[in-house]
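Residue 6 is where the sequence shown starts when you use this note's numbering, and the numbers rise one by one after that.
Notes for the one structure printed next.
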Amino acid sequence: MPPALLQCKWHPGNEQQQRAFFLPKLPSPFPARMKSEMLGYAEQRLLGFSMQQMFNVVADVEQYEHFVPWCIRSTTHDHHTQGFRCTFTVGFPPVMERYSSDVTICEPNLVKSVSTETKLFRHLVTTWRFSPGYDDNPDTCTLDYKVSFQFHSALYSHLAQLFFDQVVHTMVDSFLRHAQTLYGHPTIAHGQKKVLHSGLSH
């Protein structure tokens, strides 16, 4: 687990699996005008885990390599009271790349990761916000999840739809499965996801 993190109040399996994707040699699913566009996705849903439990799962970046679909290796360094820096090795065969992100945390409400101008991504921002769920059940919370990304090079443009469909759209489910591994069954059935945005991001 990460070291002691900043406290603040927010206001509004049994074997290691290969988690890489093999790409068919197909033309880019995006028209030429979209190759440099930024894509985004946002969802909201009620969860059967507490804010603290979900914060613990998301903030423990060094565990990502064990359950996040695209992550081959994840390390953290440069820890400070408001966050840390992390380095990921990701696999989308035939592409294997490393990139770094700056992570800001606000326990138990926020985990935000920002990566800009890396070899792989021109822009990648992922935000997890946790707020109270049911008033009579503290072991629930409301998740607001948002990600926006843009690959740095046109050479990676063929990855955009794959990344969007197989990674972005399934990311929350990967974290929920890991939370269940750590904390047992959720106290309520997770609410249906409410997709707030999916597609071109401005």
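From the three backbone atoms N, C-alpha and C, an ideal C-beta is built for every residue, glycine too.
What you are looking at is a predicted structure, and each value in this text was computed from that prediction instead of being measured.
- Ranked by Cα distance from Asp144, the first of Ser179, Tyr150, His195, Ser120 is His195.
- Membership of His183 in the alpha helix (DSSP H) is indicated by the continuous run 176-188.
- Taken atom to atom, the span from the alpha-carbon of Met56 to that of Thr131 is near 17 Å.
- Val95 is bridged by DSSP to Cys76, Glu102.
- Of the candidates Cys76, Pro99, Gly204, Cys76 places its Cα closest to the Cα of Cys91.
- Under DSSP, Gln197 shares a beta bridge with no residue.
- Note: Arg50 is bridge-paired with Leu148 in the DSSP secondary-structure output.
- Under the three-state reduction of DSSP output, Gln87 falls in the coil class, being neither helix nor strand.
- Secondary structure of Leu205 (DSSP, three-state): strand.
- For Asp170, the secondary structure class from DSSP, reduced to helix, strand or coil, is helix.
- Counting along the chain, Val63 sits inside the alpha helix (DSSP H) bounded by residues 56-64.
- Inclusion of Leu167 and Val100 in the CB contact set at 8 Å is not warranted, their separation being larger than that value.
- The three-state secondary structure of Glu42, taken from DSSP, is coil.
- Taken atom to atom, the span from the alpha-carbon of Gln171 to that of His190 is near 25 Å.
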